[in-house]
Structures are given as C-alpha cells and as structure tokens.
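Protein chains in written order, with the working numbering: chain A, 518 to 630; chain B, 67 to 176. Ideal Cβ positions, reconstructed from N, Cα and C, are used throughout, including at glycine. Since we're looking at a predicted model, the values are computed, not measured.
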Amino acid sequence: NAGVTQTPKFRILKIGQSMTLQCTQDMNHNYMYWYRQDPGMGLKLIYYSVGAGITDKGEVPNGYNVSRSTTEDFPLRLELAAPSQTSVYFCASIPGDSLQPQHFGDGTRLSIL
Amino acid sequence: SQKIEQNSEALNIQEGKTATLTCNYTNYSPAYLQWYRQDPGRGPVFLLLIRENEKEKRKERLKVTFDTTLKQSLFHITASQPADSATYLCALASGNQFYFGTGTSLTVIP
Numbered sequence: 518n519a520g521v522t523q524t525p526k527f528r529i530l531k532i533g534q535s536m537t538l539q540c541t542q543d544m545n546h547n548y549m550y551w552y553r554q555d556p557g558m559g560l561k562l563i564y565y566s567v568g569a570g571i572t573d574k575g576e577v578p579n580g581y582n583v584s585r586s587t588t589e590d591f592p593l594r595l596e597l598a599a600p601s602q603t604s605v606y607f608c609a610s611i612p613g614d615s616l617q618p619q620h621f622g623d624g625t626r627l628s629i630l
Numbered sequence: 067s068q069k070i071e072q073n074s075e076a077l078n079i080q081e082g083k084t085a086t087l088t089c090n091y092t093n094y095s096p097a098y099l100q101w102y103r104q105d106p107g108r109g110p111v112f113l114l115l116i117r118e119n120e121k122e123k124r125k126e127r128l129k130v131t132f133d134t135t136l137k138q139s140l141f142h143i144t145a146s147q148p149a150d151s152a153t154y155l156c157a158l159a160s161g162n163q164f165y166f167g168t169g170t171s172l173t174v175i176p
C-alpha cells in the first residue's frame, strides 16, 4: 500500500525556471493538500482540493498553481521559480469530511538558486 | 492575527519521565485538533485527534487534552523512551483547512 507518493524527492532549480511537483495517492481520498515547510515555521497550506475539478487557495498560494483532473493526482506547479520558494513541500490527503487524519508523503526538497 | 504557538522549540527529558508539550492558539475556532510526529526527512505521521467537545483522549502512552476556554491543547508522553525523540506538531482544523504549529523538538535522553 503506497499511500501518498511525491516526486521528485530533491530538485535544484535556477531562478525563473518552472517545474511541477507530483503527488499521487492510491487510497481513493477525496481531499488533497499541498503544504510548504520552512525551518522553524511549521507547515503552511498552499492549495487544497476537495475533489476532482475543485481547487482552493490556502494561506500562501502566490507563485503556485494546482490542478485536480483525477482523484489520484494533485500536481503543484511553480511557473517562475524564486529564491523565496526554496522549501520542503509536502502533499497530504484525507478521505473526505472532517475528523480524519491526514496522510502525508515524504516531501520534495526544493532549492532555487 | 491568528497564531498557533508550541512551547519552546526544543525539549529534553530523561528516559522514563513524562514529556508535556503545549499548543496554544489565538483567533481560531477549531472543530478539532490533531497531533503529529515528524522524523527528520519524513512527512508528519498522525498520532491523535481530539474534538472540541472532548476534554481528553488517550492512546497507549499518549494523552491529549483540549481546553477551548484556554485555547490550549496539552500532549503528554508517559514513560518516555529514546525512540520517542522527534518533532511533534499540533494542527487545528477549521472548515476544510488545517493550520499547523511550528513544532516542538523532543529529545529523550537515555
């Protein structure tokens, strides 16, 4: 049972480049989330989705885009990478509704130089 | 402004003692609160959930309390072991969103 899978695990980008962080879950969960974690800052919600075709902004959406064409996949797109986007990115999912624990992937460590 | 604060960035305790971690929040009205464990280089792993109308929850050596008047949750690990060393995060659920504290790094000394 794979759970939540994130790729790549590590990436170095140059300023202005673009890339897509991949997130896939095999638990048939409706809700999916993208967070960034900076040292000493905790996790901040970037975007979330409550089902295929539905996405919403979180606390820190600027500079990012998402799409949700299937239940399984929730990619995060950086269009013009900036040094401020250097962080560890985590994807998470829950079945739906509330009172459910989040299942996290192991993160993508992104450095922008 | 909204804030979630967890007590001191780092907590060191002797093996066998009880570790108590604090999560304080302001300007939130969470429906429930969760605690997660995070090991270096890994994603957070769910430990316990407590609803706003519950005072206390237990799971093996773990206990969580939730006081909505004080806007505080306490997380206890009894009979602590070196394997409990990790960072512990609290998360508030409000609507469809989750808001995380900055985490407390716990080290259990043998």
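- Message: To test your reading of the DSSP string, which unbroken beta strand (DSSP E) runs of 3 or more residues are found completely within the region 550 to 621 of chain A?
- Response: 559 to 568, 571 to 574, 581 to 583, 593 to 595 and 604 to 611
- Under a CB-based cut-off of 8 Å, is A/Y564 close to chain B? What you label residue 564 of chain A is simply residue 47 of the first sequence in a count that begins at 1. Chain B, which has no Cβ nearer than 8 Å to the Cβ of A/Y564, makes this no.
- Put B/D133 into one of helix, strand or coil per three-state DSSP. Numbered from 1 along the second sequence, position 67 holds the residue referred to as residue 133 of chain B. Strand at B/D133.
- Message: Tell me the DSSP secondary structure of B/A149 in three-state form.
- Response: Here the question's residue 149 of chain B lines up with position 83 in the second sequence. In this structure, B/A149 counts as helix in the three-state DSSP scheme.
- Message: Need the endpoints of the beta strand (DSSP E) that B/Q163 sits in, please.
- Response: Within the second sequence, residue 163 of chain B is the residue found at index 97, counting from 1. Its beta strand (DSSP E) spans residues Q163 to F166.
- Task: Could you please tell me which residues of the region 549 to 564 of chain A, in chain order, have their CB closer than 8 Å to any CB of chain B?
- Result: Y550, Y552, G557, M558, G559, L560, K561 and L562
- Query: Taking three-plus beta-carbon pairs below 8 Å as touching, is the region 126 to 134 of chain B in contact with the region 601 to 617 of chain A?
  - Reply: no
- Contact list for B/L172 against chain A, beta-carbon separation under 7 Å: Counted from its first residue, the second sequence places residue 172 of chain B at position 106. Chain A residues near B/L172: none, gap ~16 Å exceeds 7 Å.
- Task: Return the chain-ordered list of same chain residues with a C-beta closer than 7 Å to the C-beta of A/P600, the five sequence neighbours on each side being excluded.
- Result: Within the first sequence, the letter at position 83 stands for residue 600 of chain A. I532 and I629.
- Are the region 84 to 103 of chain B and the region 150 to 161 of chain B touching, with three or more C-beta to C-beta distances below 8 Å? yes
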